[in-house]
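**Student:** Residue 74 is where the sequence shown starts when you use the numbering used here, and the numbers rise one by one after that. Where a beta carbon is used, it is the ideal one built from N, C-alpha and C, also for glycine. Since the structure is predicted, the reported quantities are computational estimates derived from the model, not experimental observations.
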Amino acid sequence: MAHGAEQHWRIAFDPDVERPVTWGMARLREVLDTLPDTALKGDRYRENVLLVACELLANAQRHTPGPTALDLRAEDSGTPGPARMTVAVTDSGTGLPVVRPWRPEQPNGHGMHIVQRLARDWGVRPVPGGKTVWVLLGAPES
74 MAHGAEQHWR IAFDPDVERP VTWGMARLRE VLDTLPDTAL KGDRYRENVL
124 LVACELLANA QRHTPGPTAL DLRAEDSGTP GPARMTVAVT DSGTGLPVVR
174 PWRPEQPNGH GMHIVQRLAR DWGVRPVPGG KTVWVLLGAP ES
């Protein structure tokens, strides 16, 4: 990618797709496979992108009728290392994600806590018919 260049991919979900999280993650892996290694800075950054996407998709599946779109944006900052990656999931729900305190004795409910730890920034924006939860990923520590 050239300095300042941005690439955008949108994965749209059919409401009738079975197992939308699994389906969406398979499509995202296909997209990530097209990016040069320098954009992802190895497996760790790639895994962070996948983990964040999986958590956002799972939340959309669990708390709404399901995801309607998964977006990935990669922007070359012109510095060595990974591109800036933004993962966003759109759904038809109006509820806001909650970052719960970490409680190791609880087997679930930690998704947004994990997302927040991996994110450089994140937020929610309303869209017609629902909301989009977006996460800007920071580069993994060396």
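Apply the 10 Å Cβ neighbour rule to residue 198 and answer buried if 16 or more other Cβ atoms are within range, or exposed otherwise.
**Tutor:** Exposed.
**Student:** How should residue 215 be labelled, buried or exposed, when 16 other C-beta atoms within 10 angstroms of its C-beta is the threshold for buried?
**Tutor:** Residue placement at residue 215 cannot be trusted, given a pLDDT of 46 that sits under 50; what the coordinates show is reported in the next sentence. Exposed.
**Student:** Starting from residue 81 and walking both ways along the beta strand (DSSP E), at which residues does that stretch end?
**Tutor:** That run of the beta strand (DSSP E) goes 79–85.
**Student:** Taking C-beta to C-beta, are residue 131 and residue 101 nearer than 8 Å?
**Tutor:** No; because the gap between Cβ atoms is not below 8 Å, this pair is not in contact.
**Student:** Could you tell me if residue 169 is buried or exposed, where buried requires 16 or more neighbouring beta carbons within 10 angstroms of its beta carbon?
**Tutor:** Exposed, by the Cβ-count rule.
**Student:** Using CA atoms only, rank isn't needed, just tell me which of 206, 201 and 166 is closest to residue 185.
**Tutor:** When each option's Cα is compared against that of residue 185, the closest is 206.
**Student:** Shortest alpha-carbon distance to residue 108 belongs to which of 171, 182, 79 and 174?
**Tutor:** Nearest C-alpha to residue 108: 79.
**Student:** Could you pull the start and end residues of the beta strand (DSSP E) that residue 148 belongs to?
**Tutor:** Run containing residue 148: 140–148, per the beta strand (DSSP E) assignment.
**Student:** Within the continuous beta strand (DSSP E) that includes residue 207, where are the two ends?
**Tutor:** 203–210 is the extent of the beta strand (DSSP E) around residue 207.
**Student:** Confirm, please, whether the CB-CB distance from residue 156 to residue 85 is below 8 Å.
**Tutor:** No; because the gap between Cβ atoms is not below 8 Å, this pair is not in contact.
**Student:** Measure from the alpha carbon of residue 145 to the alpha carbon of each residue in 191, 124, 188 and 82, then state which is nearest.
**Tutor:** When each option's Cα is compared against that of residue 145, the closest is 82.
**Student:** Have a look at residue 124 and residue 147 and give me their C-alpha separation to the nearest angstrom.
**Tutor:** Straight-line Cα distance between these residues: approximately 16 Å.
**Student:** Less than 8 Å between the C-beta atoms of residue 171 and residue 189, yes or no?
**Tutor:** For residue 171 and residue 189, no; Cβs fall outside 8 Å.
**Student:** Going by the CB atoms, is the gap between residue 128 and residue 187 shorter than 8 Å?
**Tutor:** Yes; because the gap between Cβ atoms is below 8 Å, this pair is in contact.
**Student:** When the distance is taken between beta carbons, is residue 88 closer than 8 Å to residue 139?
**Tutor:** Yes. Within cutoff.
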